[in-house]
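Residue numbers (the numbering used here): 4 to 384. Ideal placement from N, C-alpha and C gives every residue a C-beta, glycine not left out. Treat the numbers as computed from the prediction; the structure is a model and nothing was measured. All remarks here apply to the structure that follows.
Now the structure itself:
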């Protein structure tokens with residue numbers, strides 16, 4: 004039997020250099036890929052916008068009727084009569100002479116009472132004469148206070164604290180019974196109000212305003228959600244109790260006034276105003292910072308027969324840039340240079356300044372990822 008032995012040829016092992024080349028190539032590719040990822044994920048842009056706020060307003064004429072047709076308010080128009088009186092004071096005056104008055108203390112240093120009749124004279128050392136306003140009795144070894152007035156009108160009666168003798172008594176008695184004043188006399192010269200035509204005109208204007216306020220304060224409570232605006236018809240029936248040129252301390256106006264009332268639903272009016280405001284605000288760019296005072300509503304005209312009226316309505320709001328508006332969305336800045344971004348921003352309303360920063364600093368354009376772009380709006384007055 005013949006036996007055959009098979010021989011096999013061994014496959015040579017790959018050289019170490021081959022594996023090393025593969026490993027280095029993989030490492031380089033990994034580093035390159037990582038660098039690309041880091042490059043794109045580290046790019047950031049911050050856009051800081053300085054914006055000023057602006058006022059926008061609505062000024063509308065809105066009709067009111069019971070039917071409440073389209074673009075008008077449903078409401079009621081009525082009238083009533085209201086009686087009102089108001090006092091006023093003149094603003095102009097003139098100087099007039101009067102009798103100075105004051106108070107004295109009468110002393111009696113004797114053991115006998117001293118009765119003094121009304122108009123008893125009291126004389127100062129300088130010769131200014133006063134008279135007793137009412138009869139008094141000066142008690143023995145005591146004193147009593149009494150009112151006196153000057154004998155003559157004019158400034159001579161306006162004297163300071165003084166000592167007085169009583170000429171009607173004997174010389175010896177004057178040494179025992181006498182008077183002193185602790186305060187000045189006044190009233191010798193006084194200012195007297197004079198009703199002028201300007202006073203009257205101003206009072207008539209104010210009278211209607213105060214009558215309106217008085218009527219509103221006296222009204223019963225309104226139903227929930229209902230508001231009312233009133234107007235007072237100009238009237239020739241307003242009575243003035245004094246005449247121009249009269250010397251007065253005060254004067255009054257009174258009359259029976261016709262008050263026109265227009266009631267409506269507040270939310271309906273606010274809806275009309277809000278719709279009008281929305282037409283004036285660019286919601287892609289602007290937002291409301293604050294709303295001004297309450298709606299200013301006044302009555303322009305009315306027809307009591309037809310029960311219709313027209314309201315004048317005013318509302319203002321403060322608006323500025325909205326950082327979340329679509330015109331400031333990150334997509335507007337993808338791959339844009341600083342100059343391009345600045346030109347775009349400065350072309351928007353409300354903008355007074357812009358600062359664009361890229362990170363890393365050597366970047367020449369904004370990233371193209373929404374979460375890598377930050378827009379900040381700072382408001383200035």
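In this chain, the beta strand (DSSP E) harbouring residue 140 covers 139-141. Taking C-beta atoms under 8 Å as the contact rule, residue 378 and residue 57 fail to qualify, at a distance of about 20 Å. The three-state secondary structure of residue 242, taken from DSSP, is strand. Segment contact: the region 285-294 against the region 317-334, three or more CB-CB distances shorter than 8 Å; contact assigned.
Residue 176 carries a helical assignment under DSSP once its states are collapsed to helix, strand and coil.
The C-alpha of residue 339 lies about 11 Å from the C-alpha of residue 359.
By the Cβ rule, the region 87-99 counts as touching the region 244-258, because three or more pairs are nearer than 8 Å.
In this structure, residue 136 sits near residue 151, with a CB-CB distance shorter than 8 Å. Residue 28 counts as exposed, since fewer than 16 other C-beta atoms from the protein chains shown sit within 10 angstroms of its C-beta. Distance from the Cα of residue 220 is smallest, within the candidate group 85, 162, 367, 351, for 85. For residue 304, DSSP records a beta bridge to 313. DSSP, read as helix, strand or coil, puts residue 97 in strand. Scanning the region 308-359 from its first residue to its last, the whole beta strand (DSSP E) runs of 3-plus residues come out as 311-324.
Excluding five sequence positions before and after residue 248, none of the CB atoms of its chain fall closer than 6 Å to its own CB.
Counting only unbroken stretches of 4 or more residues, the alpha helix (DSSP H) elements lying wholly within the region 230-301 are 269-283, in sequence order.
Exposed is the label assigned to residue 299, since fewer than 16 other Cβ atoms lie within 10 Å of its Cβ. The C-beta of residue 349 has fewer than 16 other C-beta atoms within 10 Å across all chains shown, which makes the residue exposed.
Of all C-beta pairs linking the region 174-181 to the region 62-70, fewer than three are shorter than 8 Å, placing the two stretches out of contact.
Rounded to whole angstroms, the separation of the alpha carbons of residue 132 and residue 202 is 39 Å. Residue 283 and residue 341 have their C-alpha atoms roughly 31 Å apart. Taking 8 Å as the cut-off, the Cβ atoms of residue 246 and residue 198 count as close.
Secondary structure note for residue 219: its alpha helix (DSSP H) is the uninterrupted segment 200-221. Bounds of the beta strand (DSSP E) holding residue 106 are 104-111.
Excluding five sequence positions before and after residue 156, the CB atoms of its chain that fall closer than 8 Å to its own CB belong to 100, 101, 102, 191, given in chain order. Under the three-state reduction of DSSP output, residue 227 falls in the coil class, being neither helix nor strand. Within the same chain, Cβ atoms closer than 7 Å to the Cβ of residue 217 are found at 87, the five residues on either side in sequence being excluded. Residue 304 counts as exposed, since fewer than 16 other C-beta atoms from the protein chains shown sit within 10 angstroms of its C-beta. In the assembly as shown, residue 258 is a buried residue. Its beta-carbon has 16 or more other beta-carbons within 10 Å.
For the pair residue 356 and residue 80, the CB atoms are not nearer than the 8 Å cut-off. A Cβ-Cβ contact shorter than 8 Å links residue 347 with residue 335. Excluding five sequence positions before and after residue 186, the CB atoms of its chain that fall closer than 8 Å to its own CB belong to 105, 106, 164, given in chain order. A Cβ-Cβ separation of about 11 Å leaves residue 262 out of contact with residue 302 under the 8 Å criterion. If you draw a 10 Å sphere on the C-beta of residue 229, you find fewer than 16 other C-beta atoms in it, and that means exposed. The Cβ atoms of residue 194 and residue 96 lie closer than 8 Å to each other. DSSP places residue 149 in the uninterrupted beta strand (DSSP E) bounded by 145-153.
DSSP, reduced to helix, strand and coil, places residue 26 within a helical segment of the structure shown.
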